[in-house]
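In the UniProt record's numbering, the protein residues as written are 1 to 504. These notes are about the structure you will find just below.
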């Protein structure tokens, strides 16, 4: 006998009875609006969780084995995904995520039910084989208990992938123990990046296989549009792509716009239109620069076109990896790993060794210098991997070094541990609005001003460089979402401190 379902229609009717209109939110103060959004988001995630479970059952009743008698086929749809997309009016990707997460939860519950039957009935236990819980059981439980949203759980599962290569089920199960607490407060994109970094850290063979596949899959296409404009698209493997992006970043750098459009600390904001105009100007200039670079070819003087230093791509790898031959490297500003063979290829062109807390030279300038040196900025770029603001993904080439203790106000020091990378936009915002940064050992926290958050709740500033790149011997010594500062790195023997940055 089937159990009666809750009155979901009644819940929907109750929500509609609120009679909310845009005017209600327009009249709310800032804090009330934020609280309303947060509360509504919690409600939405609860709805999505139940929606995922229902979607999994719909998919089960529509399996190919049922043929034309499957639920989706009987309702006139080609598949469960198509039927779900029609019901939810969502994208194909969102519908697939609902089914995937729902099936994951269902698999976990099925394994738990079999285990209960074996435990409660010895006769059943004698004939029913022992069924181990799936490696993603903790992820399914996190969805059921509301620790993770459907979107974040789907991102973690897709980011980790399936067992294979060096990543067996035990390794993936262990990674989930760290990922689930880490991803409770982040959005789906950040969760996917964290999961992919975790997979790359444990699956060196997978990094190599992916690099080979990316090499084969790259392309460049161009065509003439009906209006006469020439349009194109390309996909490049990470190393080549990051070089192209380095050129693009320099051609579109905010400092290349007209001086009258720039603004300094404390200057008023000119408005959205001024920002849009400046962005369009940079992109138009980038198009001109691209054509000039292609015309000049390999003999171009980068100073003539870019008016900046020569574009380069840094390949970052720790010395422990180079010595043992186990592990992988990364491209500065790119979330994925690259295989060790690509790193060795870069070594042939020469490399710059970087040692955090190097005893052979002074990297900390104290109060002797106000501005961070180019060498310090290079180390910050490797350590932070880009703008350290929690919601920013801008590359190191767009960033400026920021004293977390202000130079004049706090007698701040020009030391690596007391400096972070911020893009120009966030650097201005932090100064003008009164945001503060506090350091706890090797961890940096962003403190909002009272006008934005009366409780001034600290927000973790996560670097883009994976922890094990900085500390290959024992990444668990550092918080999962943080990186090592020069002060902390001095605690390790010299062979654990050294990073290698290859300028391409």
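Glycine included, every Cβ here is placed at the ideal spot set by N, Cα and C. This structure is a prediction, so every number in the text was calculated from the model and none was measured.
query, result
"Using 8 Å as the threshold, is the C-beta distance between residue 334 and residue 238 below it?", "yes"
"So what's residue 229 in DSSP terms, helix, strand or just coil?", "coil"
"Could you have a look at residue 508 and say whether DSSP puts it in helix, strand or coil?", "Residue 508 lies beyond the stretch modelled for the chain, which goes from 1 to 504, so this question has no answer here."
"Residues bridged to residue 445 by DSSP?", "438, 460"
"Counting pairs of beta carbons, one from the segment 154-164 and one from the segment 94-101, are three or more of them closer than 8 Å?", "yes"
"Under 8 Å: do the segment 393-402 and the segment 415-425 share three or more Cβ pairs, one atom per stretch?", "yes"
"Within its chain, find whatever has a CB closer than 7 Å to the CB of residue 426; leave out the 5 residues flanking it on each side and keep chain order.", "387, 389, 392"
"Would the segment 337-344 count as touching the segment 317-325 if we require 3 or more Cβ pairs under 8 Å?", "yes"
"Would you list the residues sitting across from residue 212 in a DSSP beta bridge?", "Partner(s): none; residue 212 has no beta bridge."
"Under 8 Å, do residue 200 and residue 336 count as touching if we go by C-beta distance?", "yes"
"Please classify residue 186: does DSSP put it in a helix, a strand, or coil?", "coil"
"Using only the alpha-carbon positions, how far apart do residue 10 and residue 288 sit?", "60 Å"
"Do you know offhand how far residue 222's Cα is from residue 234's?", "9 Å"
"Got a sec? Which residues, its chain only, sit under 7 Å from residue 399 by beta carbon, not counting five neighbours each side?", "386, 387, 421, 422, 423"
"Measuring only the C-alpha atoms, how far is residue 292 from residue 283?", "14 Å"
"Going by DSSP in three states, residue 66 sits in which element: helix, strand or coil?", "helix"
"Nearest to residue 53 by alpha carbon, out of 80, 93, 412, 104?", "104"
"For the beta strand (DSSP E) that residue 86 lies in, which residues bound it at each end?", "From DSSP, residue 86 is part of no beta strand (DSSP E) but of the alpha helix (DSSP H) over 80-88."
"Going by beta carbon distance, what residues of the same chain come within less than 6 Å of residue 464, once the five residues before and after it are set aside?", "385, 386"
"Do the segment 182-191 and the segment 72-81 touch if we need at least three Cβ pairs shorter than 8 Å?", "no"
"State buried or exposed for residue 328, treating a residue as buried only when at least 16 other CB atoms are found within 10 Å of its CB.", "buried"
"Measuring CB to CB, does residue 94 end up less than 8 Å from residue 83?", "no"
"At which residues does the alpha helix (DSSP H) containing residue 132 begin and terminate?", "Neither: residue 132 is in no alpha helix (DSSP H) and is coded neither H nor E."
"In angstroms with no decimal places, state the Cα-to-Cα distance between residue 290 and residue 331.", "23 Å"
"Report the three-state DSSP secondary structure of residue 413 (helix, strand or coil).", "coil"
"CB of residue 443 to nearest heavy atom of the ligand GDP: below 7 Å?", "Absent from the structure shown: the ligand GDP. Ligands present: none."
"By the DSSP assignment, the alpha helix (DSSP H) with residue 8 in it spans what residues?", "8-16"
"Are residue 146 and residue 231 closer than 8 Å when you measure CB to CB?", "no"
"What are the partner residues of residue 400, as DSSP defines its beta bridges?", "422"
"Using DSSP with H/G/I as helix, E/B as strand and the rest coil, what is residue 505?", "Not covered by the structure: residue 505. The range shown for the chain is 1 to 504."
"What does residue 223 pair with, by DSSP beta-bridge criteria?", "231"
"Is the separation between the beta-carbon of residue 447 and that of residue 438 shorter than 8 Å?", "yes"
"List the endpoints of the continuous alpha helix (DSSP H) containing residue 254.", "That residue, residue 254, is in no alpha helix (DSSP H); it is neither H nor E in DSSP."
"Run the CB neighbour count on residue 456, radius 10 Å, all protein chains shown included, and call it buried at 16 or more, exposed below.", "exposed"
"Rank 59, 15, 241 by C-alpha distance to the C-alpha of residue 47 and give the top, closest one.", "15"
"Between the Cα of residue 194 and those of 176, 278, 19, spot the shortest distance and give me the residue it belongs to.", "176"
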